[in-house]
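Below: the structure, in structure tokens.
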Amino acid sequence: MSHARPLEMERLSTAVAKERSIEWLGAIALLALIGAQLAGVLNSPPDRDMGHLQKIMYVHVPSAWNAFIAFFVVAIASLLYLWKGKEQYDLVAASAAEVGTLFTGLTLVLGSIWGRPTWGVWWTWDPRLTSTAVLFLVFVGYLALRSFVEDADRRAQWSAAVGLLGALNVPIVYMSVKWWRTLHQMQSNPSTVDPEYVIGLRTNGIAVLLLLIYFIVKRYRAARMERLSEHLAESAALEGRRA
Amino acid sequence: MSNFGSPTLKLRGLARRFGTRWALRGITMDVEPGEVVGIVGHNGSGKSTLLRVISTALRASAGEGWVFGHHLQREAVEVRRHIGFLAHAPGLYDDLTATENLIFAARMLGVSESTIPPTLERVGLGHARDERVRGFSAGMQRRLALARLIMGRPRLLLLDEPYNNFDPQGIELVNDVIQGVRSDGGSALVVLHDRRQGERVLDRIIELGRGVVLDATNEAKPLTLVPATAVPS
Amino acid sequence: MPLSHDLRRVRAIIWKDLTTERRSKAGFNAVAFLGVLILLLFGFALGPDAEALREAATGALWLAILFSGVLAFNRSYQLELDGAALEPLLLYPAPRWTIFAGKFAANLLFVLLVEVIVVPVAIILFQVKSLVGWAPAMGVMLLGTIGFVALGTFYASMASRSRAREVLLPLLLFPMLVPVLLASAEATSSLLAGNPMQDAGAWVKLLATFDVIFVVASFFAFDHVIEV
Amino acid sequence: MAETNGFVVAAYIVMWVGLIGYGVRLHLVFREARRRLDDASREGRKA
């Protein structure tokens, strides 16, 4: 599946030329997030014993949802790269992995901020939190591999394989951690789930999703320009061969 | 088994890139059955890279090639059946003896191990049959690599500077191996450190410069980057 | 190419890897002693109280196997990398999976041999008294080891050829092994304590599923990573 | 009840610092990539 490098270059350069600004998406995402958070915080009744702690969920849960969405994008892009061999898929996977690692990190920090007042400890071996931590480490490994490999083809092939296997393991990790915890301690579930609360979660989830898309597209475009400038440098050397 | 009359080797705009450096910038050439072609060129001209791409050790970044009609990319396993590649590094297992290295090669090639003793004799390693390769001199290691190559009964030899600092018997051995393959209708591409080496067996010499064939007797087409996906005739 | 040829190639690779390993004995002894050393360190860390030790036995055993066994994987590719023998190996007219199968089997044998030394030492050091269900427990150990070695052999095919390979392999491998570690530790300890198979059954099923998924995935992915 | 509010505020601060921080870093990475591309294409035209 050797891909003609210059063809890749044309494909990338036309794409970059046709690029329309997406700053509007960033702005909308930001506004949506502010709106969703305000709505969530203002009208959710303080819980009897948990007080306003429940409001932390409005940032914690959407981060977790979007982290998983990001890693799903990595898996799909990696699969497409292995199948089609086009560089764009590799760049999408790399961008989604970076953004996904950001949201996983946020999920973990927010989870422990929520855990401290609720259970008195910064870290609980709660199945969801623990699986997120494992997922975080899997993708730290993914990003480490990408940074250790210079050759573009090798980096793309290897990270596609690691990305896919990482995604394949997510459900198994979650199941094994869930069983492991239920053996040792009744699984903690957040406070009563009234519809008001669920709507708050969903709107915040969508707002964060818009931001996720904006981040991934913007990171992808930056990566595409980096790749294109590498190509241009190459072809300059190529043209220069007669000299 | 190859379709009659087709050249042993056909390359069209073969190119290979390492990171951002182009080692091969478009090689277009044919090698006919029974032909032995020498390749010269200064360091970094792409000589070794060319052999590694033809041997299917490296994938081409652009362009295409066929060995006995088999496509380098799509029919790589078929191509490997006919290739005898002697790289710069011998690529042997130091902790195994000469015989054990060839036993491993025989099993991987799917050939009978009975050919090992005569092959070792032919390359002049009969005396070191049970010694570990770790103790071998560079010359002895190259002889063992040649023995491994012969066992595969290749029909296209790719030899990377086989004559370099090799004793006269060694040089004679290389020429003998080339003659053997040529008489069976096979061909050889031999990278030479300088033009005088191996002139007794060479039919023609081509020169590589900065990844392109400079003064090949056949037309030296400039860089024509045939998209790899284009289906050949 | 007939399968018999390919199986002969797999055996050839196993033979080559193990003969080389046997010749340079140092490798195996070092890994086995490291496993024992890690068990000792756990013993010191967990303190002399017998009950605490017994409680942590299977967990400590598995961590000792993971940390010592992981050394075998990069070494297995070092055989090729030291003498620039990877290229000739890739140039034999053989499908790529035979290389992975050979390396996987050789590494599996290597790690199992390490376990033959480390497991008895763990039983002694951690004063594990009840060995009632030791046979099924060994079965669980084997299942866990298969998953561990399959992924280890796969990730080492990349890590062994990149910078900072000693850091990269554990970083890639260990997060993936969480299910193996949990399932093996839980199932082994419940079996050793004499509970019937059903209790551990769920864990064994998860372990078996993990093995099937990641052995198959490694075989397919190996084609894509070994050639580049 | 009051001291738990501190955690709520902390959570929102962490969320916004994380998102804005990454947004700024991304903007810098984007601009740097754009600058390098302009240089490279100028180089390309000259060769």
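The listed protein sequences derive, respectively, from chains A, B, C and D.
Counting from 1 along the first sequence, just add 640 to a position and that's the residue number in the numbering used here.
Counting from 1 along the second sequence, just add 415 to a position and that's the residue number in the numbering used here.
Counting from 1 along the third sequence, just add 19 to a position and that's the residue number in the numbering used here.
Counting from 1 along the fourth sequence, just add 2 to a position and that's the residue number in the numbering used here.
Just so you know, even glycine gets a beta-carbon here, dropped at the ideal spot from N, CA and C.
CA-CA distance, glutamate 74 of chain C to leucine 808 of chain A, rounds to 32 Å. In the same chain as tyrosine 782 of chain A, and ignoring 5 residues on each side of it, the C-beta atoms closer than 7 Å to its own belong to Ala737, Ser799, Val802, Gly803, Gly806, in chain order. Spatial neighbours of valine 732 of chain A in its own chain (CB-CB distance under 6 Å, excluding positions within 5 residues in sequence) are listed in chain order as Ala717, Tyr860. Taking the beta carbon of glutamine 728 of chain A as reference, no residue of chain C falls within 9 Å; the closest one sits roughly 18 Å away. In the DSSP assignment, isoleucine 696 of chain A falls outside any beta strand (DSSP E) and carries neither an H nor an E. Distance from the Cα of leucine 748 of chain A is smallest, within the candidate group A/Val713, A/Tyr721, A/Met697, A/Ala792, for A/Met697.
Apart from the 5 residues on each side of it in sequence, alanine 672 of chain A sits with its Cβ closer than 6 Å to the Cβ of Ala847, Leu850 in its chain, given in chain order.
Straight-line spacing of the CA atoms in isoleucine 498 of chain B and methionine 865 of chain A works out to 41 Å. Against chain D, a Cβ distance below 9 Å from phenylalanine 855 of chain A picks out Leu21, Tyr24, Gly25, Leu28. Residues of chain A whose Cβ lies closer than 7 Å to the Cβ of arginine 182 of chain C are, in chain order, Phe788.
Closest by C-alpha distance to glycine 25 of chain D, out of A/Leu785, A/Ser869, A/Arg842, A/Leu852, is A/Leu852. Residue contact with chain C for alanine 504 of chain B: present (Cβ-Cβ distance below 8 Å to some residue of chain C).
When DSSP states are grouped into helix, strand and coil, valine 526 of chain B belongs to the coil group.
Between glutamate 648 of chain A and chain D, the shortest Cβ-Cβ separation is not below 8 Å. The beta carbon of lysine 122 of chain C does not come within 8 Å of any beta carbon belonging to chain B, so the residue lies off that interface. For a Cβ distance threshold of 7 Å, residue set Ser816 of chain A lies close to alanine 202 of chain C, ordered along the chain.
DSSP, read as helix, strand or coil, puts glutamate 479 of chain B in strand. Residue nearest to phenylalanine 776 of chain A within the set A/Gly745, A/Leu670, A/Phe712, A/Glu870 is A/Gly745 (criterion: CA-CA distance). Minimum Cα-Cα distance from histidine 24 of chain C among the listed residues C/Ile136, C/Ala113, C/Leu58, C/Arg94 corresponds to C/Ala113. Interface with chain D (8 Å Cβ-Cβ cutoff): arginine 651 of chain A is excluded.
Residue pairing of lysine 726 of chain A in beta bridges, as defined by DSSP: absent, with no partner found. Between the stretch 461–474 of chain B and the stretch 491–509 of chain B there are three or more inter-stretch CB-CB distances shorter than 8 Å, so the stretches are counted as touching. In the structure shown, isoleucine 245 of chain C adopts helical secondary structure according to DSSP, grouped into three states. Here DSSP, grouped into helix, strand and coil, assigns valine 147 of chain C to coil.
Distance between leucine 487 of chain B and glycine 480 of chain B, taken at the CA atoms: about 6 Å. Closer than 8 Å to the CB of methionine 523 of chain B there is at least one CB belonging to chain C.
By the criterion of a C-beta distance shorter than 7 Å, leucine 561 of chain B is surrounded in its chain by Leu501, Val538, Leu588, Val592, once the five residues flanking it on both sides are discounted. Residue-level contact check: alanine 221 of chain C touches chain A, since one or more beta carbons of chain A fall below 8 Å from its beta carbon. The DSSP-derived three-state label of lysine 658 of chain A is coil. If you compare the alpha carbons of A/Val681, A/Leu670, A/Arg768 with that of glutamate 836 of chain A, the shortest gap goes to A/Val681. When C-alpha distances from glutamine 584 of chain B are compared across B/Arg558, B/Arg431, B/Leu424, B/Arg568, the shortest belongs to B/Arg558. Within chain C, no residue has its CB atom less than 7 Å from the CB of glycine 760 of chain A, the nearest being about 24 Å off. Lysine 425 of chain B carries a strand assignment under DSSP once its states are collapsed to helix, strand and coil. Note that the stretch 132–145 of chain C touches the stretch 47–58 of chain C; at least 3 beta-carbon pairs, one per stretch, sit closer than 8 Å. Contact annotation: alanine 104 of chain C and glycine 506 of chain B have beta-carbon atoms nearer than 8 Å.
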